[in-house]
Amino acid sequence: MTSITEIAPDVYRLSTYDPKIDLQFIQFLVKDEQPLLFHTGLKGMFSVVRDAVDQIIDSSQIRWISFSHFEADECGSLNEWLAIAPNAQTVCSPIAAFVSVDDFAIRPAKSLQHNEVLNTGKYRFQFQHTPQVPHGWDAGLFFETTHKTLFCSDLFHQFGDVEPITESDVIERSRQTIINYEASPFPNYIPYTTHTDRILQELAALKPRTLATMHGTTFVGDGERALQDLGVMLREVLLLKQ
Ligand SMILES: [Fe+2]
Ligand SMILES: [Fe+2]
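Letter 16 of the sequence shown, counting from 1, is numbered 20 in the numbering used here, and no numbers are missing.
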């Protein structure tokens, strides 16, 4: 069962909760002249996600498919989507296209440089190349410039079947997630590199109003402050081990 919430004008959050791992897998659909799907979800989730998209638009009309980095929950059903949406094209970082997508996918990707803009009709999406943020050298994020929504992938990751949207601080939930990962058999989920602080500061300078995270509640409020706080938290937990 997928829950659907409009988290910003024309931006729909499609959330499917997996109780076995206590985690939501979320895709974002932007309804515009050229509809955009941000994250496809896992390959095994394809029919569930397609059914959710079909409640909002005809899924065969998807024009753009994007995601932060090449990983199964981000783009596992990319080829299934490219097959049912004949005009759909992948849009990603040049590294993602070169290293993975142009070999894996049934059609070549359109790649965007840092700060390059994708126009979908009413909306403009500014691409941010963010190597290793949240992870993967191919990582990138999209910023919708009208309503100031940042599609932030695994940043602000939270466990649980949480509420779709909140105006309350999500940093402590995210801190607990990172701490739990570090203590688990699967540490090093988010790396802290020599570029992490600079990249988070650049994202904060965009002053997003909505932070559309892939696993957890969408935060609405002072996104600049939230990203600065995220930087402090990641530094404390990953670098200083506090
Ligand atoms: Fe990821
Ligand atoms: Fe993810």
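Don't be surprised by glycine CBs; every beta carbon is placed ideally from N, CA and C.
The C-beta distance from F131 to G140 rounds to 15 Å, too long to fall under 8 Å, and the pair is not in contact. In the three-state scheme derived from DSSP, where H, G and I count as helix and E and B as strand, V57 is classed as helix. For ligand 1, a non-hydrogen atom lies closer than 7 Å to the CB of E75.
Residue environment for T44: buried (at least 16 other C-beta atoms within 10 angstroms of its C-beta). As the crow flies, the alpha-carbon of G235 is around 25 Å from that of L116.
For V174, no alpha helix (DSSP H) segment is defined, and its DSSP state is neither H nor E.
With respect to the 8 Å criterion, F160 and L215 are classified as neighbours on the basis of their beta carbons. Annotation for Q28: no alpha helix (DSSP H) segment contains it, though the beta strand (DSSP E) segment containing it runs 27 to 34. With respect to the 8 Å criterion, T134 and I203 are classified as neighbours on the basis of their beta carbons. When secondary structure is reduced to three states using DSSP, N91 falls in the coil class, being assigned neither helix nor strand. Relative to the Cα of Y196, the nearest Cα in the group E206, R239, V224, K126 belongs to R239.
If you look at V15, you'll find it in the beta strand (DSSP E) that goes 15 to 22.
Around T124, the same chain offers D36, Q38, L40 as residues with beta carbons nearer than 6 Å, after the five sequence neighbours per side are excluded. Inter-residue distance for R17 and T153 is about 12 Å (C-alpha atoms, whole angstroms).
Taking C-beta separations shorter than 8 Å and ignoring five residues to either side along the sequence, the partners of M49 in its chain run T20, F29, G80, S81, following chain order. Cβ contact annotation for E84 (same chain, cutoff 6 Å, sequence separation greater than five): F50, in chain order. D55 sits exposed, since fewer than 16 C-beta atoms from the chains shown fall within 10 Å of its C-beta. Listed in chain order, the non-local C-beta contacts of S104 below 8 Å within the same chain comprise F74, D142, local neighbours out to five positions each way being set aside. Within the same chain, V121, T149 come within 6 Å of R128 by CB-CB distance, once the 5 residues on both sides are set aside. The Cβ atoms of H219 and D158 lie closer than 8 Å to each other.
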